[in-house]
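Adding 12 to a residue's 1-based position in the sequence shown gives its number in my numbering.
We put the beta carbon where it would ideally sit given N, CA and C, even for glycine.
Computed from a predicted structure; not experimentally measured.
Shown next, in structure tokens, is the structure this report addresses.
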Amino acid sequence: MGTNLSMGIIAVIGTFLPLITEKTLLSPAGAVICVGLAISCVGLWIATKALSQRDEDESVLLAITSMGGTQKEQHDSNTFLNEDLEAEGDNTKRDNTKVIDTNGNANDENVDDNELLLRRSRYMYMRRFTASFRKAPERKEQEKKDHPTWMKILVCVATGVCAVQLQFAFIFGAPISDLATGSVDDDDITLPGSTPASGGAAIIWLLAISLGAPISIINGIWSSPVPISSSLRAPWWRHLRLIATTSIPWISHIHIYGVCATTLLPEKVAASIGWPLLMMTTSAQALILSMFLGEWKAASSDTIRTLMQSICVTLFGMAVLMSSVAVPT
13 MGTNLSMGII
23 AVIGTFLPLI
33 TEKTLLSPAG
43 AVICVGLAIS
53 CVGLWIATKA
63 LSQRDEDESV
73 LLAITSMGGT
83 QKEQHDSNTF
93 LNEDLEAEGD
103 NTKRDNTKVI
113 DTNGNANDEN
123 VDDNELLLRR
133 SRYMYMRRFT
143 ASFRKAPERK
153 EQEKKDHPTW
163 MKILVCVATG
173 VCAVQLQFAF
183 IFGAPISDLA
193 TGSVDDDDIT
203 LPGSTPASGG
213 AAIIWLLAIS
223 LGAPISIING
233 IWSSPVPISS
243 SLRAPWWRHL
253 RLIATTSIPW
263 ISHIHIYGVC
273 ATTLLPEKVA
283 ASIGWPLLMM
293 TTSAQALILS
303 MFLGEWKAAS
313 SDTIRTLMQS
323 ICVTLFGMAV
333 LMSSVAVPT
């Protein structure tokens, strides 16, 4: 829910800002963009509902597995978790097994099949809800007092406002891009040796991302549950795999947005179309990948249906956004 709320704020602010600066908010194209944005945000809201339903399904599964239930429920739940363990070549039964307690310490103790399956499950949501399920009511009440709902929402809003600064850099950094491309006034004349139009946004990303990198690195080191020494001892190919699967795709899709906004889309509405498309594509891609990664295996058919509805609504909203290209500004 928090991620979708932040993404919605990022999309809304990042879309309306260029519409206001280019004075196209009240134009026909601006109206179509607003409609497409609204539909896409509805898709995000439905996705939030699907995520909530999935969490409830996982809680039910954990309750059945850890506290008992009918024989069929036990069998179905154990089958679900055993499939994951067998896929990784782990067919361990009741045994002296090293498990991790709530304090992160490794202990040797006898655990039954259900306990073993719960603790060794690779689903991070299962782990989170296992811990939440076992918390004492007094501890839950204390956590609610320490971290009230309004504070959580405020953090999500602040995250969305801060994250949209990249769009601010693109909008208000247009003079830097013009200088890099060597544009002369409003003519198509460019100075010799200038950057091609398709690379005009690269200088903005160079400044914006480089300036934001130190803060991100410090935050990552501070909040990481893994000690730095462990990261340094990790094999070099793991670092390369992480860079190839996270950093490069992230930089690439930001650059593609800049190329589309500077060369492929109408100038006045380019940023207003490209930015929400970028955000919605990222959200839809994350949902689809989460399905392939097995994060929805515990979800019921109704939950999967809600998820598919959210993806379809989001894609329809993106189609409406793209159609605004043909509408006069």
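Throw me the rounded Cβ distance for the Ser52 and Gly172 pair, which I believe falls under 8 Å.
Wrong, their Cβ atoms sit about 15 Å apart, outside the cutoff.
Within the same chain, show all residues whose beta-carbon is closer than 6 Å to that of Leu31, passing over the 5 residues directly before and after it, in chain order.
Same-chain partners within the cutoff: Leu37, Gly42, Ser284.
Under the rule that 16 or more other beta-carbon atoms within 10 Å means buried, what is Ser189, buried or exposed?
With 16 or more Cβ atoms within 10 Å of its Cβ, Ser189 is classed as buried.
For the alpha helix (DSSP H) containing Pro226, list its first residue and its last residue.
214-235 is the span of the alpha helix (DSSP H), which, as asked, contains Pro226.
Hey, quick one: how far does the alpha helix (DSSP H) through Ala192 stretch, first residue to last?
Element bounds for Ala192: 186-193.
Can you tell me where the alpha helix (DSSP H) with Pro288 in it begins and where it stops?
282-304 is the extent of the alpha helix (DSSP H) around Pro288.
Under 8 Å by Cβ, that's how I've got Gly55 and Ser335 pegged, so tell me the actual separation to the nearest angstrom.
Incorrect: roughly 16 Å between the Cβ atoms, too far for contact.
For Leu252, which residues in the same chain have their Cβ closer than 6 Å to its Cβ, ignoring the five residues on either side in sequence?
Excluding sequence neighbours, Leu252 sits near nothing in its chain.
Just to check my reading of the structure: Leu319 and Ala62 have Cβ atoms closer than 8 Å, yes? What is that Cβ distance to the nearest angstrom?
That belief holds up - the Cβ atoms of Leu319 and Ala62 are roughly 4 Å apart, short of 8 Å.
Using only the alpha-carbon positions, how far apart do Leu166 and Pro160 sit?
Cα-Cα distance, rounded: 10 Å.
Quick check on Cys168: buried or exposed, where buried means 16 or more other Cβ atoms within 10 Å of its Cβ?
Label assigned to Cys168: buried.
From Trp287 to Ala23, what does the alpha carbon distance come to, in whole angstroms?
The straight-line gap from Cα to Cα measures roughly 7 Å.
Check each candidate in Val44, Glu34, Lys35 and name the one with the smallest Cα separation from Phe328.
Per the Cα distances, Val44.
So what's Leu37 in DSSP terms, helix, strand or just coil?
Leu37 falls in the coil class under three-state DSSP.
Assess, as a yes-or-no matter, whether the stretch 305-315 is touched by the stretch 239-252 under the definition of 3 or more beta carbon pairs within less than 8 Å.
Too few Cβ pairs lie closer than 8 Å, so no.
Check the C-beta distance from Val332 over to Val72 and give it rounded, since I have them as a contact under 8 Å.
Val332 to Val72, Cβ: 37 Å. No contact.
Which residues in the same chain as Thr294 place their Cβ atom closer than 8 Å to its Cβ, once the five residues preceding and following it in sequence are excluded?
Only Met19, His265 meet the Cβ criterion.
Is the CB-CB distance between Ala59 and Leu299 below 8 Å?
Yes, Cβ-Cβ distance for Ala59 and Leu299 is below 8 Å.
Could you check the C-alpha separation between Arg316 and Gln297 for me, to the nearest Å?
Checking the sequence shown, residue 316 turns out to be Ile, not Arg. When rounded, the distance between both Cα atoms is 16 Å.
Give me the Cα-Cα distance between Leu276 and Phe182, rounded to the nearest whole angstrom.
Going by the C-alpha atoms only, they are around 16 Å apart.
Take the Cβ of Glu100 as the centre, count every other Cβ of all protein chains shown within 10 Å, and call the residue buried at 16 or more, exposed below.
In this prediction, Glu100 scores a pLDDT of 43, lower than 50, which makes its location untrustworthy; no coordinate-derived value is stated.
Taking the alpha helix (DSSP H) that Leu276 falls in, what are its first and last residues?
Taken as a continuous stretch (DSSP letters only), Leu276 belongs to no alpha helix (DSSP H), as it is neither H nor E.
How many angstroms separate the CA atom of Ile260 from the CA atom of Asp67?
Going by the C-alpha atoms only, they are around 31 Å apart.
To the nearest angstrom, how far is it from the Cα of Lys157 to the Cα of Met163?
One C-alpha to the other measures close to 10 Å.
Looking at Trp234: is its Cβ nearer than 8 Å to the Cβ of His267?
No. Outside cutoff.
Of the choices Asp69, Gln179, Ala170, Thr341, whose alpha-carbon is the least far from that of Leu289?
Of the listed residues, the one whose Cα sits closest to Leu289 is Gln179.
Taking Pro261 as part of the alpha helix (DSSP H), name the residues at either end of that continuous run.
Segment 260-271, the alpha helix (DSSP H) holding Pro261.
Measuring only from the beta carbon, is Pro340 closer than 7 Å to any heavy atom that is part of the ligand ZN?
The model on display carries no ligand, and the ligand ZN is accordingly not part of it.
Would you report the Cα separation of Ser39 and Ala282, rounded to the nearest angstrom?
Ser39 and Ala282: Cα-Cα distance of roughly 14 Å.
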